[in-house]
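J.: Before I ask anything, here is the structure I am working with.
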């Protein structure tokens with residue numbers, strides 16, 4: 011069986027600002043190696059083992075890319091859910107309250123206007139009498 015050389019893979023993660031949200035993003039890394047770096051000899055190993063090792067490294071690279079995208083989409087989804095709750099709170103609680111206050115203020119102003127008109131008419135009638 012092949013004794014492929016193990017290696018430590020380090021991934022660089024940086025925060026990226028997307029729509030005002032800081033999202034961790036894994037930088038793309040090439041995980042494919044040469045046969046020597048894998049510790050595989052083309053003479054001592056079958057083509058199937060070499061092919062499998064290369065496909066494994068390609069799959070690992072793909073997993074890293076997919077993980078980065080999954081993290082990004084998950085974080086954006088969390089923010090969208092949070093913002094949706096805030097928007098619903100505004101639509102269901104705050105806006106109706108503001109509309110009620112506006113109507114109350116309009117009624118008070120209309121009543122004051124009617125009272126002022128009545129007062130002016132009464133003063134005019136007193137002056138004419």
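Numbering (our numbering), first residue to last: 11 to 139.
Cβ coordinates follow ideal geometry from the N, Cα and C atoms, glycine included.
1) Applying the criterion that 16 or more other CB atoms from any shown protein chain within 10 Å of the CB defines a buried residue, is residue 55 buried or exposed?
2) With three or more C-beta pairs closer than 8 Å as the rule, is the stretch 98-114 touching the stretch 73-82?
3) Pick from 92, 30, 75: whose alpha carbon is nearest that of residue 36?
4) Rounded to a whole number of angstroms, what is the C-alpha to C-alpha distance between residue 138 and residue 125?
5) Is the beta carbon of residue 67 less than 9 Å from the beta carbon of residue 91?
6) From the DSSP output, in three-state form, read off residue 24 for me.
7) Name the DSSP beta bridge partners of residue 36, please?
8) Just tell me which of 85, 135, 122 has its CA closest to the CA of residue 28.
9) How about residue 31 and residue 89: do their beta carbons lie closer than 9 Å?
10) Give, in chain order, every unbroken run of the alpha helix (DSSP H) that is at least 4 residues long and sits entirely within the stretch 27-113.
T.: A quick look at the data gives this:
1) It counts as buried.
2) No: the two stretches stay apart, fewer than three of their Cβ pairs being nearer than 8 Å.
3) The shortest C-alpha separation from residue 36 is found at 75.
4) Their backbone Cα atoms lie some 20 Å apart in a straight line.
5) The answer is no: Cβ separation not under 9 Å.
6) Strand at residue 24.
7) Bridge partners of residue 36: 23.
8) Of the candidates 85, 135, 122, the one whose C-alpha sits nearest the C-alpha of residue 28 is 85.
9) At a Cβ-Cβ threshold of 9 Å, residue 31 and residue 89 count as neighbours.
10) Considered as a whole, the stretch 27-113 harbours 45-48, 57-99 as its complete alpha helix (DSSP H) runs of no fewer than 4 residues, in chain order.
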